[in-house]
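Comments concern the structure below.
In the working numbering, the protein residues as written are 5 to 365.
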């Protein structure tokens, strides 16, 4: 949300604005776009490359059906089943690996499970059973993953703490977390316990405690596969955080109104934003446009008049816009909408369209 807004009041007033804005958009469907400069970088919701996860593909660990992921490394808290086809005493024995990493099985007794892959543990049990069966065949399946938590926080569609099920890349984890939300910034941060080694990324460094490796990844490099080396394997206890981007807004009689995530430049001109918003609609009051800028330490906004006609002819000041600014372009004769609704405040997650800028940094 934008800084300094009174959230409960803002949300209530926003519903009215969104309804009116939708009505305006429908009414302007046949309006002609105004002439704007050719600078029109793409603005679109972020998308991740297609990912095939394999297996059950369940993100939530609890309730999954038994599956054989032979490369998965067992750990404390995992629940497994063990079956030996040749032994009635070992038919679908289900148990949870204890805090000491050990489980107890008929005939075999207590045996270390944590630290072995599913394949390694199956082989170990077969070796132990050879004194009872000539050629034992043991199947080990994980039915509940509990030992490898990872956290995906911030601007993703399903943030939270989840269980890592087998080997997963950074892109796979973001996809399983519902994908990156449109209001995400342009960097993500990964924090890794040093017991798993330093992050294999440029600029990786230890935190002040020396217990964690920290690195940042450019989201465009990752999501557009510009630098495949950034799509690293995720390890247990990794924390992936994506901050919400700083935003500016274009609202009113425009062809593509909504919120726009600022690039690293931290500012944008009125003319650039107008181009990204598809230009003013035919019935727009271009001389009545206004920048609504948050006042530091206040819930109010400064109102800065903008004559779009003059700006578009390069005869008026092309003012810079900063994070939190709203460019409002009213319809002719509808300035009351400005006071009644726009001043109520808007933000990502409020239902308005949110656009990310590509190729502008």
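We put the CB at the ideal spot given by N, CA and C, even for glycine.
Whole-Å CB distance - residue i paired with residue j, under 8 angstroms assumed
i	j	result
residue 226	residue 175	7 angstroms
residue 152	residue 201	With 8 angstroms as the limit, residue 152 and residue 201 do not qualify as a contact, their Cβ atoms being about 16 angstroms apart.
residue 223	residue 184	7 angstroms
residue 192	residue 218	Rounded, the Cβ-Cβ distance is 12 angstroms, inconsistent with contact.
residue 327	residue 258	About 19 angstroms; that fails the 8 angstroms criterion.
residue 109	residue 86	6 angstroms
residue 329	residue 295	6 angstroms
residue 293	residue 312	5 angstroms
Those residues which DSSP pairs with residue i across a bridge
i	result
residue 155	165, 243
residue 307	296
residue 252	264
residue 326	271
residue 101	Paired residues: none, contrary to the question.
residue 283	Paired residue(s): none; residue 283 is not in a bridge.
residue 238	172
residue 77	121
residue 288	335
residue 209	218
residue 160	184
residue 258	284
C-alpha gap between residue i and residue j, whole angstroms
i	j	result
residue 324	residue 282	18 angstroms
residue 173	residue 120	21 angstroms
residue 32	residue 333	Below a pLDDT of 50, predicted positions are generally treated as unreliable, and residue 32, at 37, falls in that range; no measurement from the model is reported.
residue 210	residue 164	24 angstroms
residue 132	residue 81	23 angstroms
residue 190	residue 100	41 angstroms
residue 195	residue 118	24 angstroms
residue 318	residue 291	14 angstroms
residue 125	residue 245	34 angstroms
residue 29	residue 305	Because the pLDDT at residue 29 is just 40, under 50, the model does not fix this residue reliably, and the value given afterwards should be weighed accordingly. So the two alpha carbons sit approximately 25 angstroms from each other.
residue 143	residue 179	30 angstroms
residue 115	residue 237	30 angstroms
residue 88	residue 140	7 angstroms
residue 75	residue 169	10 angstroms
residue 303	residue 248	21 angstroms
residue 128	residue 134	10 angstroms
residue 239	residue 154	8 angstroms
residue 235	residue 229	8 angstroms
residue 49	residue 320	With a pLDDT of 43 at residue 49, under the threshold of 50, the modelled position of this residue cannot be trusted, and the question is left open.
residue 264	residue 83	46 angstroms
residue 301	residue 206	39 angstroms
residue 26	residue 186	Residue placement at residue 26 cannot be trusted, given a pLDDT of 36 that sits under 50; what the coordinates show is reported in the next sentence. If I take the Cα positions, the gap works out to 20 angstroms.
residue 56	residue 309	Low confidence applies here, because residue 56 scores a pLDDT of 36, under 50, leaving its location unreliable; read the following figure in that light. Looking at the two C-alpha atoms, the distance is approximately 51 angstroms.
residue 188	residue 272	18 angstroms
residue 162	residue 297	32 angstroms
residue 352	residue 216	Below a pLDDT of 50, predicted positions are generally treated as unreliable, and residue 352, at 43, falls in that range; the measurement from the model is reported next regardless. Cα to Cα, the separation comes out at about 32 angstroms.
residue 94	residue 136	12 angstroms
residue 213	residue 242	16 angstroms
residue 77	residue 250	40 angstroms
residue 123	residue 73	8 angstroms
residue 270	residue 331	16 angstroms
residue 199	residue 91	40 angstroms
residue 158	residue 138	54 angstroms
residue 182	residue 156	10 angstroms
residue 40	residue 289	Low confidence applies to residue 40: its pLDDT is 35, below 50, so where it sits in the model is not reliable, and the reading given next is rough at best. Near 16 angstroms, if we compare the C-alpha coordinates of residue 289 and residue 40.
residue 171	residue 103	23 angstroms
residue 166	residue 299	40 angstroms
residue 204	residue 160	23 angstroms
residue 208	residue 232	17 angstroms
residue 106	residue 149	16 angstroms
residue 96	residue 113	16 angstroms
residue 98	residue 130	17 angstroms
residue 316	residue 336	18 angstroms
First and last residue of the uninterrupted beta strand (DSSP E) at residue i
i	result
residue 217	216-222
residue 176	Here residue 176 belongs to no beta strand (DSSP E); instead the alpha helix (DSSP H) covers 174-180.
residue 146	142-148
residue 192	191-197
residue 115	113-116
residue 87	83-88
residue 107	106-109
Residue i, enclosing alpha helix (DSSP H) - first and last residue
i	result
residue 316	312-316
residue 126	122-133
Residue-chain proximity (residue i, chain B), Cβ-Cβ < 8 angstroms
i	result
residue 330	This model lacks chain B altogether; it includes just one protein chain.
Quiz item: Does the region 272-281 touch the region 245-258, meaning 3 or more C-beta pairs lie closer than 8 angstroms?
Solution: Yes, since at least three Cβ pairs between the region 245-258 and the region 272-281 fall closer than 8 angstroms, the two stretches touch.
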